[in-house]
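**Student:** Under my numbering, the first residue of the sequence shown is numbered 120, with each subsequent residue one higher.
Just so it is clear, CB atoms sit at the ideal spot from N, CA and C, and this is done for glycine as well.
What you are looking at is a predicted structure, and each value in this text was computed from that prediction instead of being measured.
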Amino acid sequence: MSLSVSTPPSVDSLLGPGGALEVALPAYEHRPEQLQMARAVERAFAEHSYLLAEAGTGTGKTLAYLVPALLSGRRVVVSTATKTLQDQIFFKDLPLMREKMGLRFEAAYLKGRSNYLCLHRYDAFSKEPQFGSREESRYWPKLKAWAEETDTGDRSELDLPESFSAWSRLSTTSETCVGTRCPQYETCFVTRMRKRAEQADLLVVNHHLFFADLALRSSGKRTEGVLPWYEAVIFDEAHALEDAASGHFGCSVSNYRLEELARDAVASLKEDDARHAMLRALAARLRAGADALFAQAPRALGLSGHEASVALRAEVMAKLSTPLEGVRDALAALSAFTVGEREPELAAITRRSDEMEEQLSFLEKAESSDHVYWAEQRGKGLFLRASPIDVAKELRERMYGALDTVVYTSATLAADSRFDFFANRMGLYGEDGHPVTRVRTLAVPSPFDYPSQAALYLPTHLPDPSAPGFIEEAAEEIERLCEVTGGRAFVLFTSLRNMVRAYELVAPRLPYQSLLQGERPKQQLLEAFRETPSVLFAAHSFWEGVDVPGDALSLVIIDRLPFASPGDPLVAARINQLQQRGEEPFEQYQLPHAALALRQGFGRLIRTQSDRGIVAMLDRRIVTKAYGRVFLDSLPPARRMEDVVSLSRWFNGPVRPVRTIR
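1) Could you check whether the region 722-732 touches the region 667-674, counting it as contact only if at least three pairs of C-beta atoms, one from each stretch, sit closer than 8 Å?
2) Are the Cβ atoms of S338 and I468 separated by less than 8 Å?
3) Quick check on S767: does DSSP put it in helix, strand or coil?
4) Secondary structure at A593, three-state DSSP: helix, strand or coil?
5) Identify the residues that DSSP records as bridge partners of W493: which are they?
6) Would you decide whether S275 is buried or exposed? Buried here means 16 or more other CB atoms lie within 10 Å of its CB.
7) Measure the CB-CB distance between R470 and D583 and report whether it falls below 8 Å.
8) Using the C-alpha atoms, what's the distance from L279 back to Y258?
9) Less than 6 Å between C-beta atoms, sequence neighbours within five positions excluded: which residues of the same chain meet that for L717?
10) Specify, as a first and last residue, the run of the alpha helix (DSSP H) that V782 falls within.
11) Where are the beta strand (DSSP E) runs, 3 residues long or more, that stay fully inside the region 362-449, in chain order?
12) Mapping DSSP to helix, strand and coil, what is E173?
13) If I measure Cβ to Cβ from S673 and keep anything under 6 Å in the same chain, skipping five residues before and after, which residues do I get?
14) Label F210 either buried or exposed according to how many other C-beta atoms from any shown protein chain fall within 10 Å of its C-beta, with 16 as the threshold for buried.
15) Are E476 and L443 closer than 8 Å when you measure CB to CB?
16) Suppose the cutoff is 7 Å on Cβ atoms and the five residues either side in sequence are ignored; what does the same chain contact list for R334 look like?
17) Can the beta-carbon of A658 be found less than 8 Å from the beta-carbon of T727?
18) Are the region 375-395 and the region 460-467 touching by the rule of at least three beta carbon pairs closer than 8 Å?
19) Inspect the beta-carbon positions of P688 and A573 and report whether they are closer than 8 Å.
20) How big is the Cα-Cα spacing for A419 and S454?
21) By the DSSP assignment, the beta strand (DSSP E) with T291 in it spans what residues?
22) If you pair each beta-carbon of the region 343-355 with each one of the region 190-206, do three or more pairs fall below 8 Å?
23) My guess is that L737 and A593 are in contact by the Cβ rule of under 8 Å, so how many angstroms apart are they, rounded?
24) At the level of alpha carbons, what is the spacing between F354 and H326?
25) What residue range is occupied by the uninterrupted alpha helix (DSSP H) comprising R718?
26) Out of E434, A285, G549, which has the shortest C-alpha to C-alpha gap to E255?
27) I need the boundaries of the alpha helix (DSSP H) containing T469, first residue and last residue.
28) Helix, strand or coil for F244 per DSSP?
29) What residues are listed by DSSP as bridge partners for D762?
30) Among L377, A363, E474, S536, which residue has its Cα nearest to the Cα of I508?
31) Straight-line CA distance for H149 to V563?
32) For P627, count the other beta carbons within 10 Å of its own beta carbon; 16 or more makes it buried, fewer makes it exposed. Which is it?
33) Tell me the start and end of each unbroken alpha helix (DSSP H) in the region 645-715 that is at least 4 residues and wholly inside, in chain order.
34) Assign D273 to one of three DSSP states: helix, strand, or coil.
35) Over what stretch of residues does the beta strand (DSSP E) that includes T560 continue unbroken?
36) In terms of residue numbering, what span does the beta strand (DSSP E) encompassing M220 cover?
This is how it looks when you write it as structure tokens:
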């Protein structure tokens with residue numbers, strides 16, 4: 120990296136009072152909070168240490184870590200939880216640093232393999248294109264023209280529907296890619312992306328890609344990942360790391376995965392090849408075995424409905440021993456037939472068959488005390504899964520030994536003003552209670568004036584969320600609150616069932632546009648929400664990573680405290696693990712986890728220093744239960760109110776100038 124300035128730059132000369140950013144952008148005002156965090160990140164790089172940095176909304180934390188990262192002279196990975204932040208960093212923040220701060224550097228934006236066109240698969244598909252519907256086939260001419268001219272192969276350049284099923288046969292994954300044996304390896308878009316990344320000072324990725332790459336590298340079986348060698352990592356939106364890591368350090372076998380293997384096996388040889396008939400027969404045997412297994416599994420495992428999950432135990436899996444053996448035998452036969460063949464596609468079939476046979480055996484035994492096993496049904500898909508109960512051990516073994524500089528940052532890392540919960544979940548303390556490396560912490564407050572900008576409405580007249588009739592009474596409260604702000608509301612739920620029920624009750628009575636999560640893609644919902652006063656009923660993905668500044672969002676309603684369901688197999692396993700250690704799971708896991716989730720929901724409201732609005736918590740337990748103090752103490756210091764009349768008077772009264780804290 121080179122710098123187009125006459126004197127060596129520093130964090131202070133770029134972000135401090137009268138620094139390069141303030142000089143270049145007259146509208147920009149120096150933020151002491153930003154400089155404080157930037158200095159802490161700079162120190163972490165200088166000391167080769169770890170930093171936990173909680174930075175409240177509005178502190179400018181992105182530039183606060185990007186500047187010292189680029190000045191460090193090392194190759195740094197920046198990993199985010201959402202594509203929105205990934206795009207902001209690469210297309211907004213980094214160009215700003217080049218154009219306004221005089222920094223010269225190379226940066227690369229990396230996505231998972233499945234986002235890119237696979238030239239090898241594209242050639243095979245082009246000879247005999249097959250589509251799931253006539254509607255999909257209409258995109259083929261446009262896709263072919265794009266494939267001939269694209270420089271990146273990135274699917275995002277195309278306006279394809281999310282449900283475009285043919286893309287899975289035009290792209291590849293770490294499992295299906297044949298790697299260096301591919302005849303188009305050198306011209307491959309992923310290979311070219313990786314070569315660009317090898318020349319970059321900064322790599323912008325997401326958590327799922329980071330942990331997919333880390334799991335692949337540390338598996339001991341295959342060493343080539345998507346990411347080149349790097350020296351330090353900055354995790355933004357670090358509160359989402361545990362779930363992302365859990366998904367990549369375990370294993371999963373599904374009817375989809377087995378069908379894809381059978382399909383790829385048939386497609387790996389031309390029909391006039393003498394081996395093709397046997398390969399087709401072996402693929403048919405695998406399909407038959409998979410059909411038998413997944414036809415019997417729902418009843419044997421106790422799954423019901425299209426969206427359900429259930430824990431797996433060895434005695435339960437024993438009910439499926441016959442169909443499981445049939446699938447394993449089919450995988451072994453497929454592997455035995457393809458092993459040693461020269462074609463890279465057949466070598467990949469061998470590897471994939473062996474891996475799935477091994478994983479099915481691991482799932483059937485369900486005996487590792489470090490893992491939780493469960494089955495999940497989603498629509499037509501049925502998944503048998505295993506994940507580590509605690510990712511702390513995995514992170515210590517797979518990552519910390521190889522990296523001496525890691526920065527974790529988010530607006531929500533501390534629970535009850537302490538970093539212990541997050542640090543322990545991330546494995547930063549060993550089993551002896553001592554830090555595994557040098558760890559520093561920093562909490563930088565938001566510059567927003569929450570007492571003037573936000574009100575926290577805490578009604579106590581509603582029934583307990585578990586009581587009959589709660590959602591009906593909550594629906595009436597939602598309608599009253601929307602009258603106060605003229606709609607412009609997010610109504611956030613902890614369950615899809617309550618979300619749908621509230622929407623059915625409230626939407627017909629509202630004079631505003633009503634939107635429901637799942638009816639349209641997320642981005643389309645947000646665009647519709649911004650265009651006209653609306654009420655959006657949402658869950659899960661809208662609790663975090665959503666940015667709607669300005670008057671479009673003036674009210675956030677939360678139906679209940681976001682405790683993770685103890686019926687979720689992974690949550691139940693974590694609770695049980697803590698109990699076996701003699702620890703108290705509610706205080707040490709469930710409560711701090713929920714407090715961080717609530718802070719994320721609250722954080723949707725105030726995004727700029729001119730925003731003003733209301734957060735309403737309809738769960739009376741935040742006031743009536745002793746543990747409610749942990750939630751309240753974790754939230755920003757908004758004005759607390761208990762009746763709608765006072766709330767309306769505050770919101771609709773004379774608008775007072777927002778005071779800026781410096």
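**Tutor:** Reading it off the structure:
1) At 8 Å Cβ cutoff, the stretches touch.
2) As a working mapping, residue 338 is identified with position 219 in the sequence shown. As a working mapping, residue 468 is identified with position 349 in the sequence shown. Going by C-beta atoms, S338 is not nearer than 8 Å to I468.
3) Residue 767 sits at position 648 when you count from the first residue of the sequence shown. S767 carries a helical assignment under DSSP once its states are collapsed to helix, strand and coil.
4) Counting from 1 along the sequence shown, the entry for residue 593 is found at position 474. In the structure shown, A593 sits in a helix (DSSP, three-state: H, G or I).
5) Here residue 493 is taken as the residue at index 374 of the sequence shown, counted from 1. Answer is A430, R504, bridged to W493.
6) The count along the sequence shown starts at 1 and reaches residue 275 at position 156. S275 is exposed by the Cβ-count criterion.
7) Residue numbering aside, residue 470 sits at position 351 when the sequence shown is read from its first letter. Residue numbering aside, residue 583 sits at position 464 when the sequence shown is read from its first letter. Not closer than 8 Å, so no.
8) The sequence position of residue 258 within the sequence shown is 139, counting from 1. The sequence position of residue 279 within the sequence shown is 160, counting from 1. Roughly 8 Å separates the two Cα atoms.
9) Counted from its first residue, the sequence shown places residue 717 at position 598. Same-chain partners within the cutoff: P681, F750.
10) The shown model of the chain, from 120 to 781, leaves out residue 782, and the question about it has no answer.
11) 370-373, 426-430
12) Within the sequence shown, residue 173 is the residue found at index 54, counting from 1. Residue state, collapsed to three classes: strand.
13) Stepping through the sequence shown from its first residue, residue 673 is reached at position 554. Cβ within range, chain order: T604, R607, G732.
14) If you number the sequence shown from 1, residue 210 lands on position 91. Exposed: under 16 other Cβ atoms inside 10 Å.
15) Translated into positions along the sequence shown, residue 476 becomes position 357. Translated into positions along the sequence shown, residue 443 becomes position 324. Contact flag unset, no.
16) For the purposes of this step, residue 334 is taken as the residue at position 215 of the sequence shown. Arg is not the amino acid found at residue 334; the sequence shown has Ala there. Result list for A334: H367, F368, in chain order.
17) Indexing the sequence shown from 1 puts residue 658 at position 539. Indexing the sequence shown from 1 puts residue 727 at position 608. No. Outside cutoff.
18) Touching, per the Cβ criterion.
19) For the purposes of this step, residue 688 is identified with residue 569 of the sequence shown, where counting begins at 1. For the purposes of this step, residue 573 is identified with residue 454 of the sequence shown, where counting begins at 1. No. Outside cutoff.
20) As a first step, residue 419 must be located in the sequence shown, where it is residue number 300. As a first step, residue 454 must be located in the sequence shown, where it is residue number 335. Rounded to the nearest angstrom, the two C-alpha atoms are 28 Å apart.
21) Here residue 291 is taken as the residue at index 172 of the sequence shown, counted from 1. Counting along the chain, T291 falls outside any beta strand (DSSP E), and DSSP gives it neither H nor E.
22) With the cut-off at 8 Å, the region 343-355 and the region 190-206 touch.
23) Residue numbering aside, residue 737 sits at position 618 when the sequence shown is read from its first letter. Residue numbering aside, residue 593 sits at position 474 when the sequence shown is read from its first letter. L737 to A593, Cβ: 5 Å. Contact.
24) Within the sequence shown, residue 354 is the residue found at index 235, counting from 1. Within the sequence shown, residue 326 is the residue found at index 207, counting from 1. Approximately 8 Å between the Cα atoms of the pair.
25) Residue mapping note: residue 718 aligns to position 599 of the sequence shown, counting from 1. Segment 710-721, the alpha helix (DSSP H) holding R718.
26) Counting from one through the sequence shown, the residue named residue 255 turns up at place 136. Checking every option, the nearest Cα to that of E255 belongs to A285.
27) Here the question's residue 469 lines up with position 350 in the sequence shown. Where T469 is concerned, the enclosing alpha helix (DSSP H) stretches over 463-484.
28) Start at 1 with the first residue of the sequence shown, and residue 244 comes out as number 125. If DSSP states are grouped into helix, strand and coil, F244 belongs with the helices.
29) What you label residue 762 is simply residue 643 of the sequence shown in a count that begins at 1. Looking at the DSSP assignment, D762 forms no beta bridge with any residue, so it has no partner.
30) Position 389 of the sequence shown, counted from the first residue, corresponds to residue 508. The residue with the shortest Cα to Cα distance from I508 is A363.
31) The sequence position of residue 149 within the sequence shown is 30, counting from 1. The sequence position of residue 563 within the sequence shown is 444, counting from 1. Cα-Cα distance, rounded: 15 Å.
32) Start at 1 with the first residue of the sequence shown, and residue 627 comes out as number 508. Per the 10 Å Cβ criterion, exposed.
33) 688-699
34) Taking the first residue of the sequence shown as position 1, residue 273 is located at position 154. Correct three-state label for D273: strand.
35) In the sequence shown, counting from the first residue as 1, residue 560 sits at position 441. 558-563 is the span of the beta strand (DSSP E), which, as asked, contains T560.
36) Counted from its first residue, the sequence shown places residue 220 at position 101. Unbroken run through M220 is the alpha helix (DSSP H), 213-220; no beta strand (DSSP E).
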